[in-house]
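So for the sequence shown, the working numbering puts the first residue at 5; every next one is plus one.
Note that CB positions come from ideal geometry on N, CA and C, so glycine has one too.
This one's a predicted model, so the numbers in the text were calculated from it and none came from an experiment.
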Amino acid sequence: MTADIHSERILVLDFGSQYAQLIARRVREAGCYCEIYACDAPGGQILDFEPRGVILSGGPETTTDDAHPPVPDAVLDLGVPVLGICYGMQALARRHGAEVHAGRRREFGLATLHPDGAHPLIEALGEGPETEVWMSHGDHVDTVPEGFRVVASTESVPIAALAHESRPWFGLQFHPEVTHTPGGQRLIEHFVRQYCDCHGLWEPGAIIEDCIEAVRAQVGKDGVVLALSGGVDSSVVAALLARAIGEQLTCVFVDNGLLRAGEAEQVRETFAEHLGVRMIQVDARERFLSALAGVTDPEDKRKIIGREFIHVFQEQAEQLPNVRWLAQGTIYPDVIESAAAATGKAHLIKSHHNVGGLPETLHLQLVEPLRELFKDEVRRIGQALGLPQELIGRHPFPGPGLGVRVLGEVRGEYVELARAADRIFIEELRTWDLYDKVAQAFVVFLPVRAVGVMGDGRRYDYVVTLRAVETQDFMTARWARLPDEFLDRCARRIINEIDGIARVCYDISGKPPATVEWE
Ligand code: XMP
């Protein structure tokens, strides 16, 4: 009997921080299951979760306002270790009688932490350059709260870290969860493992076993259908379900004609041939193209592609005997966002959904084995399940595919040109070892023609633009500074090898004000 991987857990209480998910990911990396609750979660819910420790996130509020969100009583009543980060520290300090001030000691960026005495949590950061920490705050704690002592300071903030004299309660003005704090992961791991007594139960092998057991218990002997897109999430669901329920799973892969080069083949090879998954591959290329004929508006194109997909999928699913379940690649950030949207507390509401809700007429229940996982965990699990790195490390690809990368009307000829140019760009990125250094890269086809010369002849052909961005969350993005020689090589190959393209541009627009995609 293996240990229950959810038996040791940490609660991350979110005070509205843009880093709450990052904190949770660090805790998971430290080998412990955790969940994120809103800071005003009912006390009963917090107690029922029975965490072994609580982390209070940062947040945009100020504790100098008497109406600030407080540290809930339930958190302190639990009697477990508490780590307050930034706002979380200030709220903890205020609660214990400290003064917090705004403004004077505002700090943003790296600062060197000076330990005050030897405290294990601060020592966990490391030495020398490892004591650099990332600061991002307006307010700061000005007096030492009752029962606490100062364990570290920086040049501009005398109270940069606090520890309670007798209880395992800590406060950090800096952000250990961001990668700019080099020893941050070690600090969080120390908190989770040493103070909260967690033992690293949360690791890929155990997570896979747990998911498999849960899926088997959920679906019994029923059939399950999955819309396989070739993206990371649906691929990992397919691999996991293949292992959990084998023949009970049927994957439907719809070739809408708007896929990248080699994608349909790769999916077939990986799933049908290597993993032995029962797969229905539907060639719907003509159907999508005809539905899109004459349509130029991007949102109309998205709607048509979504609608056609649902029709094709439904036609297939209805023919499968004994299917009672629809598997989906929902992941934990989707769950958090839907919950936030439902309570009106969403900071960012996802604007793109691949499958705009499969119709209720399918009468299928949902099985979502990745609901508890972050994207990086999904990738690690995919790796452990034997999916090829090329598939797991793929850049995101929008549901409407090349349909929104051919500007204006989607014609077969344009899609072919876009696909051929995209293939070369991606191939070169891999050759130059740049693919994993950018978050997303692709080619956009512009339905305008430009003049060129080739040999003695004049050309009058289409234009494509290369797009490559660096980003963590896709909400903002920086255009990738790719080497000149690399761009030169891509442009030459595209123009020389593809009959029909006369000119290649490179998109140097950031997001905002531009978006990542062109439509
Ligand atoms: P934008 O263009 O909004 O893109 O800056 C941000 C991220 O979202 C992806 N994207 C989509 N994904 N369906 C999707 O599944 C869509 O309609 C869609 N539009 C954009 C885009 O590729 C980028 O990763």
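Asked: Spatial distance of Val-256 from Ala-102 (CA atoms); Found: 60 Å
Asked: Residues of its chain near Asp-380, where Cβ-Cβ distance is below 7 Å and the 5 sequence neighbours each way are ignored; Found: Arg-29
Asked: 8 Å CB neighbourhood of Val-299 in its chain, flanking five on each side removed; Found: Lys-305, Ile-308, Glu-413, Val-414
Asked: Same chain only: Cβ atoms within 8 Å of Gly-48, ignoring 5 sequence neighbours per side; Found: Ala-78
Asked: Integer Cβ distance of Val-228 from Leu-245, believed to fall under 8 Å; Found: 6 Å
Asked: CB contact flag (Gly-57, Ser-21, <9 Å); Found: no
Asked: Continuous beta strand (DSSP E) assignments of at least 3 residues falling wholly in the region 241 to 271; Found: 253 to 259
Asked: Buried or exposed (CB count within 10 angstroms, at least 16 for buried), Gly-261; Found: buried
Asked: Proximity test, Ala-156 beta-carbon vs ligand 1 heavy atom, cut-off 8 Å; Found: no
Asked: Ranges of the beta strand (DSSP E) found wholly within the region 284 to 339, counting only runs of at least 3; Found: 327 to 331
Asked: Gly-384 versus Leu-230, Glu-39, Glu-127, Val-236, residue with shortest Cα-Cα distance; Found: Reading the sequence as shown, one finds Arg at residue 384 and not Gly. Among Leu-230, Glu-39, Glu-127, Val-236, the Cα nearest to that of Arg-384 is on Val-236.
Asked: Residue environment, Ser-239, which counts as buried when at least 16 other CB atoms sit within 10 Å; Found: buried
Asked: Cutoff 9 Å: Asp-201 Cβ touching any chain D Cβ; Found: Protein chains in the displayed structure number just one, and chain D is not present.
Asked: Near ligand 1: Ala-481 beta-carbon under 8 Å from a heavy atom; Found: yes
Asked: Host beta strand (DSSP E) of Glu-136 (start-end); Found: 136 to 145
Asked: Which residues DSSP lists as bridging His-118, in chain order; Found: Ser-157
Asked: Close-in-space but distant-in-sequence residues of the same chain around Val-258 (CB under 7 Å, 5 per side omitted); Found: Val-286, Ala-288, Phe-313, Val-316, Phe-317
Asked: contact_flag[the region 103 to 114, the region 156 to 176] where n(CB pairs < 8 Å) is 3 or more; Found: yes
Asked: Reference Leu-486; option with closest CA among Glu-127, Ala-445, Met-93; Found: Ala-445
Asked: Whole-angstrom C-beta distance between Val-182 and Gly-34, which should lie under 8 Å; Found: For the sequence presented, residue 34 should be read as Ala rather than Gly. About 15 Å; that fails the 8 Å criterion.
Asked: Member of Trp-138, Val-468, Met-458, Glu-269 whose CA lies at the smallest distance from the CA of Asp-426; Found: Val-468
Asked: Residue nearest to His-194 in terms of C-alpha spacing, selected from Leu-391, Leu-129, Ile-502; Found: Leu-129
Asked: Within 9 Å, strictly: CB atoms of His-184 and Glu-150; Found: no
Asked: Arg-264 beta carbon near ligand 1 (any heavy atom closer than 8 Å); Found: no
Asked: Counterpart residues of Leu-87 in DSSP-defined beta bridges; Found: Ile-59, Phe-174
Asked: Buried or exposed (CB count within 10 angstroms, at least 16 for buried), Ser-61; Found: buried
Asked: Every unbroken beta strand (DSSP E) within the region 440 to 519, with a cutoff of 3 residues, ordered by chain; Found: 444 to 458, 461 to 474, 505 to 510
Asked: Spatial distance of Ala-218 from Tyr-23 (CA atoms); Found: 30 Å
Asked: Simplified DSSP state of Gly-397, which is helix, strand or coil; Found: coil
Asked: Best match in Leu-421, Val-86, Gly-188, Phe-53 for proximity to Leu-263 [C-alpha to C-alpha]; Found: Leu-421
Asked: Distance between beta carbons of Tyr-41 and Leu-15, contact taken as under 8 Å; Found: 6 Å
Asked: Cβ separation of Ala-97 and Val-154, assumed to be a contact under 8 Å, to the nearest whole Å; Found: Rounded, the Cβ-Cβ distance is 11 Å, inconsistent with contact.
Asked: For Arg-13, the first and last residue of its enclosing beta strand (DSSP E); Found: 13 to 18
Asked: Status (buried if at least 16 other CB within 10 Å, exposed otherwise) for Asp-69; Found: exposed
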